[in-house]
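Undergrad: If you read the sequence shown in my numbering, its first letter stands for residue 1322, the second for the next number, and so on.
All C-beta atoms in this analysis are idealised placements derived from N, C-alpha and C, irrespective of residue type, glycine included.
Handing you a structure now.
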Amino acid sequence: MFVWTIVKVALKSLVANKLRSFLAMLGIIIGVGSVISLLAIGTGAQKQVIDQVSSMGKNLLMVRPGFRGSGGVRSGSQQNLKLNDAQAILNKLSDIDLVSPVVNGNYQLKYFNKNTNSSLSGVASTYFPIRNLEVDKGRFFTENETDNMKRVVILGSQVSIDLFADNSPLNEDIKINGVNFNVIGVIKQKGSQGGSPDDQIFVPYKIAMKQLIGTDNLREIDVQAKDKADLTALQDSMTQLLRKRHRIQDSETDDFTIRNMAEVLQEAESFTKIFTILLGGIASISLLVGGIGIMNIMLVTVTERTREIGIRKAIGAKNKDILRQFLIEAIVMTTSGGLIGLLFGVSIANLVGKFTPFPPVVTISSIIISISFSMTVGLFFGYYPARRAAKLDPIEALRYE
């Protein structure tokens, strides 16, 4: 029998038993749908994490007080980073492009009868290019305004909406902890999760330290390295500099933590990749279960069509023709189920995307892998029933009632 003839016979057999064929395909539909949707969710989460980490700044190193203990929790004194440390990093280390001290606090903001709570960051004018922030309205404050302790503030996009709705906040005065500050800019919306600038406000660090927070301790020092700098070597140099400045003995632990964003990005990529593979692996189990269902249905089909197999052999069909026919039936079922499962999985992924902060991403590779795997499942689990059908004795098959 020619291959196309075998395909037509296989398709007619599947159409003749629509319900049975659908029930056999159901496991594959659910399996492929699960693989597609879970991989899409995992890939979307991976892209979100990588984009969020990448958006924090190019060649960024962050110095924070306290050492990183077990479980990644910082401990020790939180009062050991000073402005002089930031200045020393800028002056004494090569391959440094920009440095910004950072202080933080949470305050109530008030504009006439409207008020909201927000995280305040006191930063240098260099903070904004370090963190890749852009203004949507107005401008950033200058180094001169920082040195002269000007009461100017830049609002995150959400804070601007909370206080001013659709009106322009530029040149308006708001009260921060009872102190008047003039709004000179609004940050362009970032939309990332956790620590988003959308919900923050920014003022010059000197005025923040003197009149708002009332401390000379830094919460963080942000450092941007030059484009071709070796971040690992620079991190080591920075560590040695700060240990010397803080008079830390060789046997003592650092009283600060330096985070290299290149390493953070690599860790995030590795974690989310493992997470995505794990999701795909879990979903693939349902495909294997679907394959077992295909095999069971095919075994029943072989039993019911024993007499038909005997007739085909009696009129000249060879064992390989019978083997091909049942194998093709199994592959057609799993491939059809895979295509339906693909549509099902994309629909589920899009539905889930409406309730998650990140859009699921359906990739070409996940589609190819899922469909190829479903065809392989049909070939693997269809082989035993097909081989059993091919080995039937034609005389015994014709006697079967």
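1) Have a look at F1343 and P1518 and give me their C-alpha separation to the nearest angstrom.
2) Short of 6 Å in beta carbon distance, which residues of its chain neighbour I1632, apart from the five on each side in sequence? Order them along the chain.
3) Considering V1682, what are the terminal residues of the beta strand (DSSP E) in which it resides?
4) Given this structure, state the Cα-to-Cα distance separating G1506 from G1443, to the nearest angstrom.
5) So, helix, strand or coil for A1546, using DSSP?
6) Rounded to the nearest angstrom, how far is the Cβ of S1355 from that of S1607, given a contact under 8 Å?
7) Closest to N1425 by CA distance: which of K1527, N1436, D1494, L1382 is it?
8) Hey, I1362 and P1678 are a contact pair by Cβ (cut 8 Å); roughly how many whole angstroms apart?
9) Tell me the rounded alpha-carbon separation between R1564 and E1541.
10) Taking C-alpha atoms, which residue in L1404, Q1510, E1493 lies nearest to N1453?
11) Answer yes or no: do Y1695 and T1655 have a C-beta to C-beta separation smaller than 8 Å?
12) Taking the beta carbon of N1438 as the centre, do at least 16 other beta carbons fall within 10 Å, making it buried, or is it exposed?
13) For V1384, write down the residues that DSSP places opposite it in a beta bridge.
14) Give the straight-line distance between the Cα atoms of A1445 and R1566, rounded to the nearest whole angstrom.
15) My output table needs one value for K1496: the three-state DSSP class, helix, strand or coil.
16) To the nearest angstrom, how far is it from the Cα of D1724 to the Cα of N1488?
17) Could you tell me the boundaries of the alpha helix (DSSP H) in which L1491 lies?
18) Around the Cβ of L1533, are there at least 16 other Cβ atoms within 10 angstroms (buried) or fewer (exposed)?
19) With a threshold of 7 Å, establish whether the CB of V1473 neighbours any heavy atom of the ligand PLP.
20) State buried or exposed for T1593, treating a residue as buried only when at least 16 other CB atoms are found within 10 Å of its CB.
21) Which residues does DSSP list as the beta-bridge partners of Q1429?
22) Can you check DSSP and say which residues form a bridge with N1503?
23) Taking only three categories from DSSP, how would you classify S1421?
24) Take every Cβ of the segment 1657-1668, pair it with every Cβ of the segment 1623-1632, and state whether three or more of those distances are shorter than 8 Å.
25) Tell me F1523's beta-bridge partners as DSSP assigns them.
26) So L1620 packs on P1715, CB below 8 Å; how close in whole Å?
27) Sorted by chain position, which residues of the same chain lie with C-beta nearer than 6 Å to A1604's C-beta, five sequence neighbours on each side aside?
28) Suppose the cutoff is 6 Å on Cβ atoms and the five residues either side in sequence are ignored; what does the same chain contact list for E1464 look like?
29) So V1420 packs on L1402, CB below 8 Å; how close in whole Å?
30) Hey, would you say V1653 sits closer than 8 Å to L1332, going by beta carbons?
31) Sort out for me which residues DSSP pairs I1508 with in a bridge.
32) Which value, in whole angstroms, describes the spacing of the CA atoms of A1710 and G1602?
33) Using CA atoms only, rank isn't needed, just tell me which of D1520, V1473, I1482, N1538 is closest to V1500.
34) Using DSSP with H/G/I as helix, E/B as strand and the rest coil, what is E1464?
35) Are D1418 and A1554 closer than 8 Å when you measure CB to CB?
36) Do I1688 and L1663 have their C-beta atoms closer together than 8 Å?
TA: Taking the coordinates as given:
1) In the sequence shown, residue 1343 corresponds to position 22, counting from 1. In the sequence shown, residue 1518 corresponds to position 197, counting from 1. One C-alpha to the other measures close to 51 Å.
2) Indexing the sequence shown from 1 puts residue 1632 at position 311. Taken in chain order, the list of residues that qualify is empty.
3) By 1-based counting over the sequence shown, the position of residue 1682 is 361. Per DSSP, V1682 belongs to no beta strand (DSSP E) and is neither H nor E.
4) Indexing the sequence shown from 1 puts residue 1506 at position 185. Indexing the sequence shown from 1 puts residue 1443 at position 122. If I take the Cα positions, the gap works out to 15 Å.
5) As a working mapping, residue 1546 is identified with position 225 in the sequence shown. Looking at A1546 - three-state DSSP - the assignment turns out to be strand.
6) As a first step, residue 1355 must be located in the sequence shown, where it is residue number 34. As a first step, residue 1607 must be located in the sequence shown, where it is residue number 286. Correct: roughly 5 Å between the Cβ atoms.
7) The count along the sequence shown starts at 1 and reaches residue 1425 at position 104. Out of K1527, N1436, D1494, L1382, K1527 has the C-alpha closest to the C-alpha of N1425.
8) Position 41 of the sequence shown, counted from the first residue, corresponds to residue 1362. Position 357 of the sequence shown, counted from the first residue, corresponds to residue 1678. No, I1362 and P1678 are not in contact; Cβ-Cβ is about 12 Å, not under 8 Å.
9) The residue given as residue 1564 occupies position 243 in the sequence shown. The residue given as residue 1541 occupies position 220 in the sequence shown. Cα to Cα, R1564 sits roughly 16 Å from E1541.
10) Looking up residue 1453 in the sequence shown gives position 132. Comparing Cα positions, the closest option is Q1510.
11) The residue labelled residue 1695 in the question sits at position 374 within the sequence shown. The residue labelled residue 1655 in the question sits at position 334 within the sequence shown. Sequence inspection shows Ser at residue 1695; the Tyr mentioned does not correspond to that position. Cβ atoms of S1695 and T1655: closer than 8 Å.
12) For this step, residue 1438 is matched to residue 117 along the sequence shown. The residue is exposed, with fewer than 16 neighbouring Cβ atoms inside 10 Å.
13) Residue mapping note: residue 1384 aligns to position 63 of the sequence shown, counting from 1. According to DSSP, V1384 bridges with I1542, I1579.
14) Position 124 of the sequence shown, counting from 1, holds the residue named residue 1445. Position 245 of the sequence shown, counting from 1, holds the residue named residue 1566. Distance between the alpha carbons of A1445 and R1566: 22 Å.
15) Sequence index remark: in the sequence shown, residue 1496 carries index 175 (1-based). Correct three-state label for K1496: strand.
16) This structure cannot speak to residue 1724, because the chain is shown only from 1322 to 1722.
17) Numbered from 1 along the sequence shown, position 170 holds the residue referred to as residue 1491. From DSSP, L1491 is part of no alpha helix (DSSP H); its letter is neither H nor E.
18) Within the sequence shown, numbered from 1, the residue matching residue 1533 stands at position 212. It counts as buried.
19) Although the ligand PLP was asked about, the structure shown includes no ligands whatsoever.
20) In the sequence shown, the residue the question calls residue 1593 occupies position 272. Buried: at least 16 other Cβ atoms inside 10 Å.
21) Translated into the one-based positions of the sequence shown, residue 1429 becomes position 108. BP columns for Q1429 point to N1438.
22) Reading the sequence shown from its first residue, position 182 is the one you call residue 1503. Partner(s): V1473, D1494.
23) To locate residue 1421, count along the sequence shown from 1; it is residue 100. Residue state, collapsed to three classes: strand.
24) no
25) The count along the sequence shown starts at 1 and reaches residue 1523 at position 202. Answer is S1442, I1475, bridged to F1523.
26) The residue labelled residue 1620 in the question sits at position 299 within the sequence shown. The residue labelled residue 1715 in the question sits at position 394 within the sequence shown. In fact, because the Cβ distance is near 19 Å, the residues do not count as touching under 8 Å.
27) Position 283 of the sequence shown, counting from 1, holds the residue named residue 1604. Cβ neighbours of A1604 beyond the five flanking positions: S1355, V1356, L1359.
28) Working through the sequence shown from its first residue, we reach residue 1464 at position 143. The answer, listed in chain order, is S1446.
29) Indexing the sequence shown from 1 puts residue 1420 at position 99. Indexing the sequence shown from 1 puts residue 1402 at position 81. Actually they are not in contact, since the Cβ atoms of V1420 and L1402 sit about 12 Å apart, beyond 8 Å.
30) For this step, residue 1653 is matched to residue 332 along the sequence shown. For this step, residue 1332 is matched to residue 11 along the sequence shown. In this structure, L1332 lies closer than 8 Å to V1653 by Cβ.
31) To locate residue 1508, count along the sequence shown from 1; it is residue 187. DSSP lists V1456 as partners of I1508.
32) Counting from 1 along the sequence shown, the entry for residue 1710 is found at position 389. Counting from 1 along the sequence shown, the entry for residue 1602 is found at position 281. Rounded to whole angstroms, A1710 to G1602 spans 33 Å at the Cα level.
33) The sequence position of residue 1500 within the sequence shown is 179, counting from 1. Checking every option, the nearest Cα to that of V1500 belongs to V1473.
34) Your numbering for residue 1464 matches position 143 in the sequence shown. If DSSP states are grouped into helix, strand and coil, E1464 belongs with the helices.
35) For this step, residue 1418 is matched to residue 97 along the sequence shown. For this step, residue 1554 is matched to residue 233 along the sequence shown. No.
36) As a working note, residue 1688 is residue 367 in the sequence shown. As a working note, residue 1663 is residue 342 in the sequence shown. Contact flag set, yes.
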